[in-house]
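> One structure coming up, written as structure tokens, with questions to follow.
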Amino acid sequence: MNSKGWRIGVVGATGAVGRCFLSCLETTPIPITELRLFATPRSVGTRLPFRGEERSVVATSEGGFSGLDCVLLSAGAAASKQWAPAIRAAGAWAVDNSSQFRMDSATPLVVPEVNAASIPAQRRLIANPNCSTIQLVVALKPLLDRFGLARVFVATYQSASGKGQIGVDALREEMQGGRASSGAFPRTLLGNVIPEAGTFLEDGWTTEEEKLLFESRKILGRAALVVHPTCVRVPVEIAHSEAVYVELEQEATRDAVAAALREAPGLVFADSPDAYATALEAAGRDPVYVGRLRADRCSPRGFHFWVVADNLRKGAARNAVQIAEHLHARESAAQIADGRV
Ligand SMILES: NC(=O)c1ccc[n+]([C@@H]2O[C@H](COP(=O)([O-])OP(=O)(O)OC[C@H]3O[C@@H](n4cnc5c(N)ncnc54)[C@H](OP(=O)(O)O)[C@@H]3O)[C@@H](O)[C@H]2O)c1
Numbered sequence: 001m002n003s004k005g006w007r008i009g010v011v012g013a014t015g016a017v018g019r020c021f022l023s024c025l026e027t028t029p030i031p032i033t034e035l036r037l038f039a040t041p042r043s044v045g046t047r048l049p050f051r052g053e054e055r056s057v058v059a060t061s062e063g064g065f066s067g068l069d070c071v072l073l074s075a076g077a078a079a080s081k082q083w084a085p086a087i088r089a090a091g092a093w094a095v096d097n098s099s100q101f102r103m104d105s106a107t108p109l110v111v112p113e114v115n116a117a118s119i120p121a122q123r124r125l126i127a128n129p130n131c132s133t134i135q136l137v138v139a140l141k142p143l144l145d146r147f148g149l150a151r152v153f154v155a156t157y158q159s160a161s162g163k164g165q166i167g168v169d170a171l172r173e174e175m176q177g178g179r180a181s182s183g184a185f186p187r188t189l190l191g192n193v194i195p196e197a198g199t200f201l202e203d204g205w206t207t208e209e210e211k212l213l214f215e216s217r218k219i220l221g222r223a224a225l226v227v228h229p230t231c232v233r234v235p236v237e238i239a240h241s242e243a244v245y246v247e248l249e250q251e252a253t254r255d256a257v258a259a260a261l262r263e264a265p266g267l268v269f270a271d272s273p274d275a276y277a278t279a280l281e282a283a284g285r286d287p288v289y290v291g292r293l294r295a296d297r298c299s300p301r302g303f304h305f306w307v308v309a310d311n312l313r314k315g316a317a318r319n320a321v322q323i324a325e326h327l328h329a330r331e332s333a334a335q336i337a338d339g340r341v
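FYI, the numbering for the sequence shown is 1 to 341, going by my numbering.
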């Protein structure tokens, strides 16, 4: 372990989120002394830019994690299941972007602005939540703390990149007049709105809707939080939008709710009705944008607002890198306290 410099690995470096990891790592304050990029054997030799140089991608292997301090995984649930034991055996932190371990009771599910305190001291695996959950809980947390949350309704407008590179490619093919051959989406996406994101469960919910319920409960530490989600795919390349309605436990004025949102970490609040952010404005940026705040006309405890964030950055890579920054800062502080540096 080295508190001054960290050796970092990225599994899934060639993917939509993996490439965004590299972009987020460009500006991280973590002093990176080595960066190893992993993908499948079919990507071996692919060169990816990082801090003015090109780095070669290697095939993921158990031995490849040796000596690393932290591995960021973004290669799907099966790959996380496959590689997590080897990362653990190598003694590195793992920050996993897949759904594989998110609901495992022994695995912390972390959004640093919301529950950084749940990060353990010992090196182990930390799960990064689903993209639509991350931006929702950043907005819900200040309201939960100040007023309590009785129930949350959320309708998502999720971008094509939420489906990975295959989703981006499918939308681009359709924009060029073609018909996407990959089957990334269940219907034509261009010019359309599809009320199906994720896969269907037996009761007609989708996996994306289920994640919004269970992951929000776990991150906010409210096992009985009431969340009513509907997840929708829209023909946008990057950034998810959400129309949110909350019923608070206490009555509150619009001004009090606005003040709570304005002070919340990681969140940019637009008070004026027409100053809301859209997907095009949020894409490529790190904050969660909240706007269109208005009191409900039927419930004195009801408030509506609009939440937008880049699903590849705050919804995935940036959140994972933020977790890594916490881990590195904590290890460095512990080493200084121990007199080891
Ligand atoms: N897109 C989002 O908005 C979003 C948000 C939050 C979380 N996530 C999660 O992040 C993960 C990656 O998503 P993505 O959108 O970046 O997917 P993607 O574009 O399809 O990329 C997948 C990456 O994983 C690599 N890979 C696949 N199987 C592997 C294996 N067995 N061992 C090592 N590498 C393997 C691929 O390598 P090759 O290029 O060599 O095939 C590629 O680099 C998923 O778990 C997804 O659920 C995505």
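Just so you know, even glycine gets a beta-carbon here, dropped at the ideal spot from N, CA and C.
Is L267 near V257, with beta carbons less than 9 Å apart?
Against a cut-off of 9 Å, the Cβ pair of V257 and L267 comes out as no contact.
> Is the beta carbon of S43 within less than 8 Å of some heavy atom of ligand 1?
Checking the Cβ of S43 against ligand 1 gives yes.
> Have a look at R124 and M103 and give me their C-alpha separation to the nearest angstrom.
Cα-Cα distance, rounded: 15 Å.
> Would you mind stating whether A317 and N97 have Cβ atoms separated by less than 9 Å?
Yes. Within cutoff.
> Closest to P235 by C-alpha separation, out of G221, P186, A259, would be which residue?
Closest option to P235, Cα to Cα, is P186.
> Report the option in I336, R254, A94 whose CA atom is closest to the CA atom of S299.
The residue with the shortest Cα to Cα distance from S299 is R254.
> May I have the straight-line CA-CA distance separating T133 from V226, to the nearest angstrom?
Taking the straight line from one Cα to the other gives about 14 Å.
> Check whether the Cβ of S163 lies closer than 8 Å to any heavy atom of ligand 1, and answer yes or no.
One detail in the question is off: residue 163 reads as Lys in this sequence, not Ser. Yes, the beta carbon of K163 sits closer than 8 Å to at least one heavy atom of ligand 1.
> Specify the secondary structure class of T188 as computed by DSSP and reduced to three states.
T188: coil per DSSP, three-state reduction.
> Based on the DSSP output, what are the partners of T156 in its beta bridges?
DSSP output for T156 lists C231, E242 as bridge partner(s).
> So, do the stretch 201-209 and the stretch 51-59 have three or more beta carbon pairs nearer to each other than 8 Å?
Not touching, per the Cβ criterion.
> With 16 other CB atoms within 10 Å as the buried threshold, where does N128 fall?
Classification for N128: buried.
> Can you find the residues in the same chain that come closer than 8 Å, C-beta to C-beta, to S161, ignoring five residues on each side of it along the sequence?
These residues qualify, in order along the chain: A16, G167, V168, E237, I238, N311, L312.
> Please go through the same chain and pick out, in chain order, the residues whose beta-carbon is closer than 6 Å to the beta-carbon of G12, but skip the five residues on each side of it.
Same-chain partners within the cutoff: G18, S74, A75.
> Does any CB atom of chain B fall closer than 9 Å to the CB of L25?
Of the protein chains in this structure there is only one, and it is not chain B.
> Is the closest heavy atom of ligand 1 to the C-beta of L312 under 8 Å?
Yes, Cβ of L312 sits closer than 8 Å to a heavy atom of ligand 1.
> What's the C-alpha gap between I196 and G315?
First, the residue type needs correcting, since residue 196 is Glu and not Ile in the sequence shown. In a straight line, the C-alpha of E196 is about 19 Å away from that of G315.
> Determine the contact status of A155 and P229, defining contact as a CB-CB distance below 9 Å.
Taking 9 Å as the Cβ cut-off, A155 and P229 qualify as a contacting pair.
> Starting from D96, follow its DSSP beta bridges and name the residues at the other end.
D96 is bridged to L73, A127.
> Taking the alpha-carbon of I30 as reference, which of M175, Q322, I336, L140 has the nearest alpha-carbon?
Per the Cα distances, Q322.
> Is it true that the CB of L109 sits closer than 9 Å to the CB of A92?
Going by C-beta atoms, A92 is not nearer than 9 Å to L109.
> Quick check: what's the CA-CA separation for A388 versus G9?
Outside the modelled stretch of the chain, which goes from 1 to 341, sits residue 388, for which no answer is possible.
> Taking E34 as the reference, give the member of A86, F214, W6 with the closest Cα.
If we check each option's Cα against that of E34, W6 comes out closest.
> Are the beta-carbon atoms belonging to T60 and T14 less than 9 Å from one another?
Contact flag unset, no.
> Should T206 be listed as close to ligand 1, given that the test is whether its C-beta is under 8 Å from any heavy atom?
It does not: the Cβ of T206 is nowhere closer than 8 Å to a heavy atom of ligand 1.
> Determine which residues share a DSSP beta bridge with W205 and list them.
Bridge partners of W205: none, in fact.
> So S56 is in the beta strand (DSSP E); what residue range does that whole segment cover?
Here the beta strand (DSSP E) through S56 covers 53-59.
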